[in-house]
Amino acid sequence: APFFGWLHDLSAPDPSSLFNLFGLLPWDAPEPGSLLQLVFIGVLPILLGITMWLQQKLNPAPSDPVQQQIFAWMPWVFMFMLGSFASGLVVYWITNNTITFVQQYLIMWGHGKRPDLFGNIRAPKAAVKAAPAAPPAKPPSPKNRKK
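Per the numbering used here, the very first residue in the sequence shown carries number -17; after that it's consecutive.
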(Lines of atoms letter the chains of each structure in order from A and count residues from 1; the text may use other names and numbers.)
(Lines give C-alpha, C1' and ligand atoms only; values in the text may rest on other atoms or scores of the structure.)
Protein backbone atom coordinates (compact mmCIF):
# COMPACT_ATOMS: atom_id res chain seq x y z
CA ALA A 1 0.00 0.00 0.00
CA PRO A 2 1.33 3.44 -0.81
CA PHE A 3 2.40 5.73 2.00
CA PHE A 4 0.72 8.79 0.52
CA GLY A 5 -0.50 9.17 -3.03
CA TRP A 6 2.36 8.28 -5.37
CA LEU A 7 4.93 7.45 -2.66
CA HIS A 8 5.30 3.69 -2.27
CA ASP A 9 8.77 3.59 -0.72
CA LEU A 10 9.98 6.34 1.62
CA SER A 11 13.58 5.14 1.31
CA ALA A 12 13.62 5.81 -2.46
CA PRO A 13 13.74 9.20 -4.22
CA ASP A 14 10.51 10.81 -5.36
CA PRO A 15 9.48 8.88 -8.52
CA SER A 16 7.48 11.76 -9.99
CA SER A 17 8.89 14.43 -12.27
CA LEU A 18 7.87 16.91 -14.91
CA PHE A 19 8.98 14.48 -17.63
CA ASN A 20 6.52 11.78 -16.54
CA LEU A 21 3.84 14.40 -15.78
CA PHE A 22 4.36 13.89 -12.04
CA GLY A 23 3.65 10.18 -12.15
CA LEU A 24 0.82 10.12 -14.70
CA LEU A 25 2.98 8.56 -17.44
CA PRO A 26 4.64 5.17 -16.88
CA TRP A 27 8.23 6.43 -17.39
CA ASP A 28 10.71 5.82 -14.62
CA ALA A 29 13.23 8.31 -13.31
CA PRO A 30 16.86 7.79 -14.41
CA GLU A 31 19.24 5.75 -12.31
CA PRO A 32 20.84 7.47 -9.30
CA GLY A 33 24.09 9.18 -10.22
CA SER A 34 22.99 9.99 -13.75
CA LEU A 35 23.22 13.60 -14.92
CA LEU A 36 19.63 13.35 -16.16
CA GLN A 37 18.53 12.94 -12.58
CA LEU A 38 19.15 16.66 -11.99
CA VAL A 39 16.32 17.62 -14.35
CA PHE A 40 13.94 14.92 -13.11
CA ILE A 41 12.75 17.06 -10.20
CA GLY A 42 9.74 15.58 -8.44
CA VAL A 43 6.86 17.11 -6.54
CA LEU A 44 8.54 16.76 -3.15
CA PRO A 45 11.75 18.67 -4.02
CA ILE A 46 9.65 21.45 -5.57
CA LEU A 47 7.56 21.66 -2.39
CA LEU A 48 10.78 21.70 -0.37
CA GLY A 49 12.09 24.67 -2.36
CA ILE A 50 8.81 26.56 -1.98
CA THR A 51 8.55 25.95 1.77
CA MET A 52 12.18 26.98 2.32
CA TRP A 53 11.60 30.15 0.29
CA LEU A 54 8.41 31.03 2.21
CA GLN A 55 10.15 30.40 5.52
CA GLN A 56 12.96 32.77 4.54
CA LYS A 57 10.46 35.51 3.64
CA LEU A 58 9.37 35.76 7.31
CA ASN A 59 12.92 36.44 8.45
CA PRO A 60 14.62 39.82 8.05
CA ALA A 61 16.96 40.03 5.09
CA PRO A 62 20.66 40.02 5.93
CA SER A 63 22.41 43.34 5.58
CA ASP A 64 25.36 41.98 3.61
CA PRO A 65 24.57 41.93 -0.14
CA VAL A 66 26.56 38.73 -0.64
CA GLN A 67 24.51 36.96 2.04
CA GLN A 68 21.32 38.29 0.45
CA GLN A 69 22.28 36.66 -2.85
CA ILE A 70 23.25 33.40 -1.17
CA PHE A 71 19.99 33.24 0.78
CA ALA A 72 17.97 34.13 -2.31
CA TRP A 73 19.42 31.18 -4.26
CA MET A 74 19.72 28.65 -1.44
CA PRO A 75 16.15 27.19 -1.56
CA TRP A 76 16.36 26.63 -5.30
CA VAL A 77 19.84 25.07 -5.14
CA PHE A 78 18.67 22.79 -2.33
CA MET A 79 15.68 21.80 -4.46
CA PHE A 80 18.03 20.31 -7.05
CA MET A 81 20.58 18.97 -4.58
CA LEU A 82 18.04 17.13 -2.43
CA GLY A 83 15.94 15.86 -5.33
CA SER A 84 17.69 12.49 -5.22
CA PHE A 85 17.39 12.06 -1.43
CA ALA A 86 14.98 9.58 0.14
CA SER A 87 11.35 10.67 -0.03
CA GLY A 88 10.88 10.20 3.71
CA LEU A 89 13.67 12.66 4.45
CA VAL A 90 12.27 15.24 2.04
CA VAL A 91 8.77 14.78 3.55
CA TYR A 92 10.33 15.41 6.98
CA TRP A 93 12.01 18.63 5.78
CA ILE A 94 8.80 19.87 4.14
CA THR A 95 6.84 19.15 7.33
CA ASN A 96 9.48 20.87 9.46
CA ASN A 97 9.55 23.93 7.18
CA THR A 98 5.76 24.18 7.21
CA ILE A 99 5.48 23.86 11.00
CA THR A 100 8.28 26.39 11.51
CA PHE A 101 6.63 28.81 9.07
CA VAL A 102 3.24 28.57 10.82
CA GLN A 103 4.85 28.85 14.26
CA GLN A 104 6.88 31.95 13.29
CA TYR A 105 3.86 33.54 11.63
CA LEU A 106 1.68 32.99 14.73
CA ILE A 107 4.37 34.28 17.10
CA MET A 108 4.84 37.44 15.04
CA TRP A 109 1.08 37.92 14.75
CA GLY A 110 0.63 37.35 18.51
CA HIS A 111 3.19 40.02 19.36
CA GLY A 112 1.41 42.65 17.29
CA LYS A 113 3.63 42.48 14.22
CA ARG A 114 1.43 41.65 11.28
CA PRO A 115 3.66 39.81 8.83
CA ASP A 116 2.80 40.88 5.30
CA LEU A 117 4.25 37.89 3.54
CA PHE A 118 3.05 38.72 0.06
CA GLY A 119 3.97 42.38 0.45
CA ASN A 120 7.43 41.21 1.43
CA ILE A 121 7.62 39.12 -1.73
CA ARG A 122 6.42 41.92 -4.02
CA ALA A 123 8.37 44.70 -2.33
CA PRO A 124 11.07 46.18 -4.57
CA LYS A 125 14.60 45.98 -3.31
CA ALA A 126 15.67 49.10 -1.51
CA ALA A 127 18.51 50.90 -3.17
CA VAL A 128 21.50 50.69 -0.91
CA LYS A 129 23.74 53.68 -1.34
CA ALA A 130 27.22 53.57 0.03
CA ALA A 131 28.32 56.51 2.12
CA PRO A 132 30.86 58.70 0.36
CA ALA A 133 34.39 57.84 1.30
CA ALA A 134 36.18 60.24 3.60
CA PRO A 135 38.89 62.28 1.90
CA PRO A 136 42.39 60.96 2.53
CA ALA A 137 44.19 62.52 5.46
CA LYS A 138 46.76 65.12 4.47
CA PRO A 139 50.28 64.57 5.69
CA PRO A 140 51.47 67.26 8.08
CA SER A 141 53.31 70.09 6.41
CA PRO A 142 57.05 70.36 7.15
CA LYS A 143 56.68 73.55 9.20
CA ASN A 144 54.05 72.00 11.52
CA ARG A 145 56.10 68.91 12.37
CA LYS A 146 57.16 68.45 15.94
CA LYS A 147 60.84 67.99 16.56
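No residue lacks a Cβ here, since even glycine has one placed at the ideal position from N, Cα and C.
TODO: Pull up the distance between the alpha-carbon of residue 90 and that of residue 83, whole angstroms please.
DONE: Locating residue 90 in the sequence shown gives position 108, where the first residue counts as 1. Locating residue 83 in the sequence shown gives position 101, where the first residue counts as 1. Rounded to whole angstroms, residue 90 to residue 83 spans 11 Å at the Cα level.
Open item on the list: Am I right that residue 65 and residue -5 are in contact with their C-beta atoms under 8 Å? What's the rounded C-beta distance?
Closed with: The count along the sequence shown starts at 1 and reaches residue 65 at position 83. The count along the sequence shown starts at 1 and reaches residue -5 at position 13. About 7 Å separates the two Cβ atoms, so the contact holds.
Task: Beta carbon of residue 30 nearer than 9 Å to that of residue -12 - done: Start at 1 with the first residue of the sequence shown, and residue 30 comes out as number 48. Start at 1 with the first residue of the sequence shown, and residue -12 comes out as number 6. Not a contact, by the Cβ cut-off of 9 Å.
Task: Close Cβ partners of residue 43 (< 8 Å) along its chain, the five nearest in sequence each way excluded - done: Counted from its first residue, the sequence shown places residue 43 at position 61. Within the same chain, residue 43 has close Cβ partners 50 and 53.
Open item on the list: Considering just the uninterrupted stretch of the alpha helix (DSSP H) at residue 69, what are its terminal residues?
Closed with: One-based indexing of the sequence shown puts residue 69 at position 87. That run of the alpha helix (DSSP H) goes 69 to 92.
Task: C-alpha gap between residue 87 and residue 121, whole angstroms - done: Along the sequence shown, one-based indexing puts residue 87 at 105. Along the sequence shown, one-based indexing puts residue 121 at 139. Between residue 87 and residue 121, the C-alpha separation is close to 56 Å.
- [ ] To the nearest angstrom, report how far apart residue 10 and residue 48 are at their CA atoms.
- [x] In the sequence shown, the residue the question calls residue 10 occupies position 28. In the sequence shown, the residue the question calls residue 48 occupies position 66. Those two C-alpha atoms are separated by around 39 Å.
- [ ] Closer than 8 Å by C-beta to residue 96: which residues in its own chain qualify, once you throw out the five before and the five after it? Chain order, please.
- [x] Reading the sequence shown from its first residue, position 114 is the one you call residue 96. Taking C-beta separations shorter than 8 Å and ignoring five residues to either side along the sequence, the partners of residue 96 in its chain run 90, following chain order.
Open item on the list: Could you tell me the alpha carbon to alpha carbon distance between residue 61 and residue 79, rounded to whole angstroms?
Closed with: As a first step, residue 61 must be located in the sequence shown, where it is residue number 79. As a first step, residue 79 must be located in the sequence shown, where it is residue number 97. Rounded to whole angstroms, the separation of the alpha carbons of residue 79 and residue 61 is 13 Å.
Task: DSSP three-state assignment for residue -1, whether helix, strand or coil - done: Residue mapping note: residue -1 aligns to position 17 of the sequence shown, counting from 1. In the structure shown, the three-state DSSP call for residue -1 is coil.
Open item on the list: Mapping the DSSP letters down to three states, classify residue 24 as helix, strand or coil.
Closed with: Residue 24 sits at position 42 when you count from the first residue of the sequence shown. Coil, per DSSP.
Open item on the list: As a quick exercise: from 98, 73, 94 and 119, pick the residue whose alpha carbon is nearest that of residue -10.
Closed with: Position 8 of the sequence shown, counting from 1, holds the residue named residue -10. Nearest of 98, 73, 94 and 119 to residue -10, Cα basis: 73.
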